[in-house]
Amino acid sequence: MKHAPGRNQPCPCRSGRKYKHCCLRKAGAAAGPAYSRHERTETFDKISRFVMRDEFAEDRRVAQLLFWASRLDFAPEVRRRELESDEFSLAAFLNWLIF
Numbered sequence: 004m005k006h007a008p009g010r011n012q013p014c015p016c017r018s019g020r021k022y023k024h025c026c027l028r029k030a031g032a033a034a035g036p037a038y039s040r041h042e043r044t045e046t047f048d049k050i051s052r053f054v055m056r057d058e059f060a061e062d063r064r065v066a067q068l069l070f071w072a073s074r075l076d077f078a079p080e081v082r083r084r085e086l087e088s089d090e091f092s093l094a095a096f097l098n099w100l101i102f
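In the working numbering, each number is its position in the sequence shown, counted from 1, plus 3.
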């Protein structure tokens, strides 16, 4: 993996100029806008509410089977239900499902 040079290093384009006066601005412009933590959280919440709608219940059930796969095969039934309804397990499942 190639790393960008430091600001005061010679520019890798071999222009003879310092990176900060040459290609740094171009590299920064290509990065695009960054989203705030609030925007990311708000978007994730909207997507979560969407996938939790009743019309997707069967799809979620199938997705949960894929998510848990064989991890719960040897767990007692009571423990399985606890894990499947646990807040942290649900958060992990939603992250897996959405991403």
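Where a beta carbon is used, it is the ideal one built from N, C-alpha and C, also for glycine.
{"Item": "CA-CA distance, residue 66 and residue 28?", "Value": "44 angstroms"}
{"Item": "Between residue 71 and residue 87, what straight-line distance do the alpha-carbon atoms span, to the nearest angstrom?", "Value": "9 angstroms"}
{"Item": "Using CA coordinates, which residue listed in 85, 40, 101, 11 is at the minimum distance from residue 62?", "Value": "101"}
{"Item": "What number of angstroms, rounded off, separates the C-alpha of residue 4 from the C-alpha of residue 43?", "Value": "Any reading at residue 4 must be qualified, since the residue scores a pLDDT of 48, below 50, and its modelled position is unreliable; no value is offered."}
{"Item": "Flag this pair as yes or no: are the beta carbons of residue 22 and residue 10 separated by less than 7 angstroms?", "Value": "yes"}
{"Item": "Considering only DSSP beta bridges, list what residue 23 is partnered with.", "Value": "Paired residues: none, contrary to the question."}
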